[in-house]
Amino acid sequence: MKNTRSTVSEKKRPFNFNAANLLGSFFPSKPPLSEQYILDAARNSTGLQDWGSDSFLEGMRMLLDSSLKEARLHYFGRTSLQKGCIRSVKDRLRLEKAFTDNPDIKNTPIEKPVFILGLPRTGTTLLQNLFFQDDRFRHLHYWEQVAIGPQPTQDNIKDNYIIDSCSAFVDNLKKIAPEFFVAHDIRPRGPEECNGLMERNFSSIIYIMFRNIPTYTEWFQKRDMTSTYEYHRYQLQFLGYHFKGKRWILKAPVHLLYLKYLFKVYPDAQILHLHRDPLKAIPSITSLVAISRGIHSDHVNETETAEQLLGLMSHNVNQSITYREANPSGQILDISFSDLVNNTVLTVNKIYNWLGVDFTTEAETAMSGWLEKSKLKLEGKPHQYSLEQFGLDEARIRDSFARYYERYTDYL
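Using the numbering used here, you'd call the opening residue of the sequence shown number 5 and step up by one each time.
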């Protein structure tokens, strides 16, 4: 097989970024990535001691150990991981204090949350953004899953210091890796996936997307995710305390792997399962992951990344099929990517009817307006990739997703 580095590794990085990595490689000591350092740094920074359950510690240990042994992080990559781990523990500490200060938060109802899921690059982001135009729902904003700050209210949900910090981070990332934003846009005030919530229990696929960590990946796929989904719900209670009565719209492709635990914690959840031919989805997500890993390491092999993603995604899909075959449910609606893209308003109308929500003229107008703006924004900025680039071929993908093709052929 061809042994190539990621496209992103070959991109020209800003001088300051390259200089910092070069100088960092000569430092006698590297940014510490020990469990004790992470915990002490979070406690010292916040002045708090109680992070609630210890359920996150196993995942943190696995992540740190796998990253140190396998990820080959450069200085920026190592610093980024350290800061991210500290931030997650700080968020746990702050969240626990919020619940201690106001025990009534635990009474916040989470009723009939809507989860959007599917293979990555199947239209889940498109559907989430369409829902985002309807303020009758409660949406998870990018800034809310980045850091626990002020408890969201109607007054501060679009203007607070966390948003300012996120904006600065996004602006800096655009300078470091502009190609990332061709594949995946980030807006601090826009909607985002649940991955950040799951990071706070150190059980998140985002770690795998950003780093080559096979040991953590294997652990993650077999992990009992009950505590992670319980902590997911715990965070929604905090975030939704001042928005009672609004249904949550949530999204993350990884929920495919964990339907068992999702329904265990959210028994009245409604699932929107999007479908697209894996021949289109797999090279697209592989390209995005190669770009993401290339921000944190100079050693990203596209072929290796593709092999890992093919195994991970086919495993996730097969697990979801096994669950759905054993647990037929009227709480899951299957949606074709093609229908969503080619007949957007009609498809969304059907989704609203299934959810039991009135598809108002206001919602339709807002969604249509957003669609027009997004089309203009994307013109001339295609996300380019190919099967051959990653050492993949059609037969391999069809074989890996044989059960998926058989079960969902009408949606592909």
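For each residue, glycine too, the CB sits at the ideal point set by N, CA and C.
Per DSSP, the bridge partner or partners of K255: I120
Own chain residues within Cβ distance below 8 angstroms of L43, not counting five before or after: Excluding positions up to five away in sequence, the list reads V93.
Nonlocal neighbours in the same chain, by C-beta distance under 8 angstroms from R400, ignoring five residues either side: The beta carbon of R400 is closer than 8 angstroms to those of L314 in its chain, skipping five residues each way along the sequence.
Extent of the continuous alpha helix (DSSP H) run through H236: 230-243
Those residues which DSSP pairs with R142 across a bridge: The bridge partners DSSP lists for R142 are W252.
Chain B contact for A23 (CB, 7 angstroms cutoff): No chain B appears in the structure shown, which is made up of a single protein chain.
The segment 240-251 / the segment 133-151 touching (three or more Cβ pairs under 8 angstroms): yes
Residues near D272 by beta carbon distance below 6 angstroms, same chain, minus five either side: K116
CB-CB length for L99 against Q323, believed under 8 angstroms: With 8 angstroms as the limit, L99 and Q323 do not qualify as a contact, their Cβ atoms being about 29 angstroms apart.
Spatial distance of S306 from S291 (CA atoms): For the sequence presented, residue 306 should be read as Glu rather than Ser. Inter-residue distance for E306 and S291 is about 8 angstroms (C-alpha atoms, whole angstroms).
Alpha helix (DSSP H) runs wholly inside the segment 270-335, at least 4 long, in chain order: 282-298, 306-330
Contacts around R82, its chain only, beta-carbon distance under 7 angstroms, and the 5 residues preceding and following it disregarded: K34, P35, L37
Assigned exposure category for Q132 - 16 Cβ within 10 Å defines buried: buried
Local Cβ density within 10 Å of S13, reported as buried at 16 or more and exposed below that: Any reading at S13 must be qualified, since the residue scores a pLDDT of 46, below 50, and its modelled position is unreliable; the value itself is stated next. Burial call: buried.
R297 versus I355 - alpha carbon distance: 35 angstroms
C-alpha gap between R17 and F103, whole angstroms: 43 angstroms
Spatial neighbours of P287 in its chain, beta-carbon cut-off 7 angstroms, leaving aside the 5 residues before and after: These residues qualify, in order along the chain: Y389, S390, L391, F394, L396.
Residue span of the alpha helix (DSSP H) that contains D69, given as start and end: In the DSSP annotation of this structure, the continuous segment of the alpha helix (DSSP H) that includes D69 starts and ends at 61-70.
As assigned by DSSP and simplified to three states, the class of R98: In the structure shown, R98 sits in a helix (DSSP, three-state: H, G or I).
Coarse secondary structure for L416, derived from DSSP in three states: coil
Collapsed DSSP secondary structure at P182 in the structure displayed: helix
S378 burial status per 10 Å Cβ neighbour count (16 or more: buried): exposed
Local conformation of L52 per DSSP, three classes: coil
Backbone CA spacing between D54 and D105 [nearest angstrom]: 13 angstroms
Sequence-distant residues of its chain with Cβ nearer than 7 angstroms to I190 (five each side left out): Y146, V174
Where G200 falls, given that 16 or more other Cβ within 10 Å makes a residue buried: buried
Sequence-distant residues of the same chain with beta carbon closer than 6 angstroms to I336, five excluded per side: Result list for I336: I275, H277, in chain order.
Alpha-carbon spacing of E368 relative to V349, whole angstroms: 7 angstroms
Reference N148, options K179, P192, V258, P124, closest by Cα: Position check: residue 148 holds Glu in this sequence, whereas Asn was assumed. The candidate whose alpha carbon is nearest that of E148 is P192.
Element boundaries [alpha helix (DSSP H), containing S342]: 341-346
For E74 and I217, believed in contact at Cβ under 8 angstroms, the rounded distance: 5 angstroms
Pairwise C-alpha distance: A46 and L85: Those two C-alpha atoms are separated by around 14 angstroms.
Selection from R91, M317, H78 that minimises the alpha carbon distance to I50: Looking at the sequence shown, residue 50 is not Ile but Thr. The shortest C-alpha separation from T50 is found at R91.
Same chain only: Cβ atoms within 8 angstroms of E39, ignoring 5 sequence neighbours per side: L61, M64, R65, L68
P182, buried or exposed, once every other Cβ within 10 Å from all chains shown has been counted against 16: exposed
Rounded Cβ spacing between F214 and H300 (contact assumed at less than 8 angstroms): 6 angstroms
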